[in-house]
Amino acid sequence: MCGIVGYVGGGNVYDILIGGLHRLEYRGYDSAGVALESPSGKLSVYKTLGKVSNLEAFCKDKDTDASVGIAHTRWATHGEPSDCNAHPHYSEDGNIAIVHNGTIENYKIIKDALTQHGCTFKSETDTEVLAQLIEYVRVTNNCSLVDAVREALKEVIGAYAIAVIEKDHPDTIVAARQSSPLVVGIGDGEYFLASDATPFVEFTDKVVYVDDGQIAVITRGEPLRLLDLDNKESNVDVKKLKMSISQLEKGGYPHFMLKEIFEQPETLRDCIRGRVVEGGKRVILNGVFDNQEKFLKAERIILVACGTSWHASLIGKYLLQDMCRIPVEVEYASEFRYSNPVIIDRDIVIAVSQSGETADTLAAIKIAKKMGAFVYGISNVVGSSIPRETDSGTYIHVGPEIGVASTKAFTGQVMVLTLLAVCIGQLRGHLNAEQVQKLGEAILKIPAYVKETLKLDKTIERLSLIYTYAHNFLYLGRGYSYPVALEGALKLKEISYIHAEGYPAAEMKHGPIALIDSEMPSVIIAPKDHLYDKIVSNVQQVKARGGSIIAIVSDGDETISGIADHVLKVPDVPECLTPIITSIPLQLLSYHIAINKGKDVDMPRNLAKSVTVE
Ligand code: M6R
């Protein structure tokens with residue numbers, strides 16, 4: 022994780038870097054720092070524990086005049102969050118400063134070698150080791166910073182996006198990427214550099230996505246250069262950025278999470294647009310139609326993902342099995358990559374990831390590709406690593422998700438998986454025209470039903486007051502509602518720090534039922550579906566043991582409404598579309614409980630939005 026920013030140009034360097042750090046704070050907020058170089062070549066580093074606002078307070082009385090600078094917001098990996106471990110790190114002689122997102126796996130060996138050459142280290146980080154290594158190479162070889170970075174990186178094993186500046190060179194940033202994201206923005210007489218394009222969206226729409234193994238040499242007044250580690254230069258492919266500033270602001274909501282929850286009718290509309298056509302008669306995903314042969318011949322689908330994206334993938338399994346009658350497996354990417362997986366060339370591996378940068382998911386993709394599978398990506402961030410690494414795929418198009426707890430990306434992922442299942446189902450002849458039309462029409466109505474469901478907000482806000490101080494929660498569901506239960510529990514854990522467990526409702530009697538008493542609330546997801554009568558029994562089992570029940574049911578429900586303590590009624594939709602609807606009240610419940618507890622919902626402790634480390 023971590024976010025890095027760089028700027029060279031005529032603008033206010035410090036303000037641009039700080040603004041960029043705020044945008045990237047979703048990537049980590051253990052500490053923040055800047056390295057600024059004055060027009061005369063003086064290099065100053067300011068850094069401090071905590072959020073970017075702490076850094077701003079710290080810099081208030083400092084000299085921040087600069088013509089080039091780099092900055093960092095940290096999610097700690099090597100070394101605890103502290104002032105000393107904060108980035109930028111600099112070489113012992115103070116000649117270079119560096120910011121880094123990633124992990125250097127062999128840093129210990131390099132550190133030992135450098136120590137033998139007399140280097141001493143202030144921090145516990147792998148990044149300081151890289152700073153010292155680059156400077157050691159530069160001094161020993163008496164070479165330029167670019168050559169020193171190139172040579173140093175040849176010795177490094179691990180993941181990195183780095184930006185380096187050097188004393189007395191107030192016009193240049195040298196950056197490099199391996200398995201961590203890095204984008205350059207080209208403005209009018211200025212260059213930006215960041216982990217994603219959000220820090221410079223208001224300044225330019227011209228972007229260059231740096232590839233793995235590339236070094237970017239950014240010099241004021243000169244064209245951008247991209248080199249590989251062997252000094253071979255490659256073409257600079259400038260792309261147009263499609264992102265607007267309003268997408269990155271709170272738009273009147275107190276938190277990004279709430280804004281993103283309420284955006285869902287619109288984001289789902291964007292997700293469906295152009296994909297469900299002719300009033301629902303046809304569902305088109307170009308990524309599938311351009312690769313029909315692969316989808317026709319596929320013998321198995323394996324979904325790989327992490328966290329919320331894994332929950333969406335589990336819903337994808339139910340959808341693909343139901344509509345395509347194909348065997349489907351769902352794997353945690355972090356387990357899959359080390360599980361010695363059996364993959365054949367008729368497997369399709371689908372990687373699901375909001376950020377498109379999750380390290381475990383990327384590693385799983387690489388393995389699957391190497392073993393001959395066709396790999397399909399479902400991501401949100403355009404131009405991120407996963408869409409670039411996969412053979413084909415679909416964007417969910419829900420716009421930037423800033424809140425660390427995923428909400429609109431989850432429903433977008435589920436929607437794309439639904440479209441995918443319909444698409445493959447019709448292609449493989451398991452869905453006839455009438456079935457496709459019925460599903461297509463129902464999908465088109467979903468944004469309106471989500472809007473309707475959001476009207477529960479005030480009811481949920483009141484309800485949340487009753488449960489704010491519960492220490493544990495159970496979330497129960499069956500069939501399509503089981504992954505929704507897992508996701509509801511994760512949302513609560515992430516932002517309110519209340520322990521919550523998601524469970525298949527019928528499994529409860531095999532153990533967790535022992536936990537039920539008046540202190541253990543259960544959230545039961547029980548829309549009208551083919552398992553409704555079954556879950557009624559589970560609801561009764563909880564009630565019989567004195568547990569309180571919050572039930573999410575469909576409009577018109579009577580049975581569970583007569584048993585549960587609190588009932589939240591949502592629009593009645595076809596079974597395969599219930600997860601998108603039933604997850605909305607769970608997002609709101611976790612949001613309000615966390616707010617009641619005074620938690621920072623957009624930046625929950627210990628988390629980061631994009632997990633680019635193992
Ligand atoms: O960007 P990704 O979808 O690959 O991220 C996967 C998980 O890190 C992510 O879903 C995480 O669990 C979120 N904090 C959930 O709200």
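For the sequence shown, the residue numbers in our numbering are 22 to 635. For glycine and all other residues, C-beta sits at the position ideal for the given N, C-alpha and C. Keep in mind the model is a prediction, meaning the values are calculated, not measured.
{"query": "Proximity test, residue 288 beta-carbon vs the ligand M6R heavy atom, cut-off 7 Å", "result": "no"}
{"query": "Alpha-carbon to alpha-carbon, residue 462 and residue 633", "result": "38 Å"}
{"query": "Rounded separation between residue 409 and residue 343 - CA only", "result": "30 Å"}
{"query": "CB contact flag (residue 264, residue 205, <8 Å)", "result": "no"}
{"query": "Test item: CB-CB of residue 151 and residue 183 under 8 Å", "result": "yes"}
{"query": "Beta strand (DSSP E) runs contained entirely in the segment 571-618, provided each spans 3 or more residues", "result": "587-591"}
{"query": "Around the ligand M6R, Cβ to any heavy atom closer than 5 Å, ordered along the chain", "result": "327, 328, 329, 330, 374, 375, 376, 379, 426, 427, 632"}
{"query": "Backbone CA spacing between residue 257 and residue 345 [nearest angstrom]", "result": "42 Å"}
{"query": "Terminal residues of the beta strand (DSSP E) in which residue 29 lies", "result": "24-29"}
{"query": "6 Å Cβ shell around residue 300 - same chain, five flanking residues per side excluded", "result": "none"}
{"query": "CA-to-CA distance, residue 95 to residue 533, given in whole angstroms", "result": "38 Å"}
{"query": "As assigned by DSSP and simplified to three states, the class of residue 343", "result": "helix"}
{"query": "Environment of residue 486 [buried if 16+ CB atoms lie within 10 Å]", "result": "exposed"}
{"query": "Close-in-space but distant-in-sequence residues of the same chain around residue 240 (CB under 6 Å, 5 per side omitted)", "result": "192, 193"}
{"query": "Distance CB(residue 250)-CB(residue 317) smaller than 8 Å", "result": "no"}
{"query": "Minimum C-alpha distance to residue 166 - residue among 195, 153, 141, 82", "result": "195"}
{"query": "Nonlocal neighbours in the same chain, by C-beta distance under 6 Å from residue 349, ignoring five residues either side", "result": "322, 338, 341, 342"}
{"query": "Alpha carbon of residue 474 to alpha carbon of residue 464, nearest angstrom", "result": "15 Å"}
{"query": "Residue 66 beta carbon less than 8 Å from that of residue 90", "result": "no"}
{"query": "For residue 525, the residue or residues it bridges with in DSSP", "result": "498"}
{"query": "One or two residues paired with residue 255 in a DSSP bridge", "result": "247"}
{"query": "Under 8 Å between C-beta atoms of residue 625 and residue 515", "result": "yes"}
{"query": "Given 8 Å, three or more beta-carbon pairs between the segment 416-434 and the segment 285-301", "result": "yes"}
{"query": "Short Cβ contact (8 Å threshold) for residue 511 with residue 329", "result": "yes"}
{"query": "8 Å contact criterion, which residue 662 and residue 563 should meet: CB distance rounded", "result": "The structure shown does not extend to residue 662, since the chain is modelled only from 22 to 635, so the question has no answer here."}
{"query": "Cβ contact check for the segment 597-613 and the segment 417-436: 3 or more pairs under 8 Å", "result": "yes"}
{"query": "Identity of the residue in 358, 327, 369, 362 nearest residue 320 by Cα", "result": "369"}
{"query": "Integer-rounded CB distance, given that residue 104 should sit under 8 Å from residue 124", "result": "With 8 Å as the limit, residue 124 and residue 104 do not qualify as a contact, their Cβ atoms being about 21 Å apart."}
{"query": "Residues sharing a beta bridge with residue 493, DSSP", "result": "520"}
{"query": "Reference residue 395; option with closest CA among 365, 403, 447, 401", "result": "365"}
{"query": "Cβ contact (3+ pairs, closer than 8 Å) linking the segment 568-588 and the segment 438-446", "result": "no"}
{"query": "Inter-stretch contact (C-beta, 8 Å, three-pair minimum) for the segment 522-536 and the segment 492-502", "result": "yes"}
{"query": "Nearest-angstrom Cα separation, counted from residue 84 out to residue 71", "result": "21 Å"}
{"query": "Same chain, Cβ closer than 7 Å to residue 30, neighbours up to 5 away in sequence not counted", "result": "208, 210, 211, 212, 241"}
{"query": "C-alpha gap between residue 295 and residue 459, whole angstroms", "result": "17 Å"}
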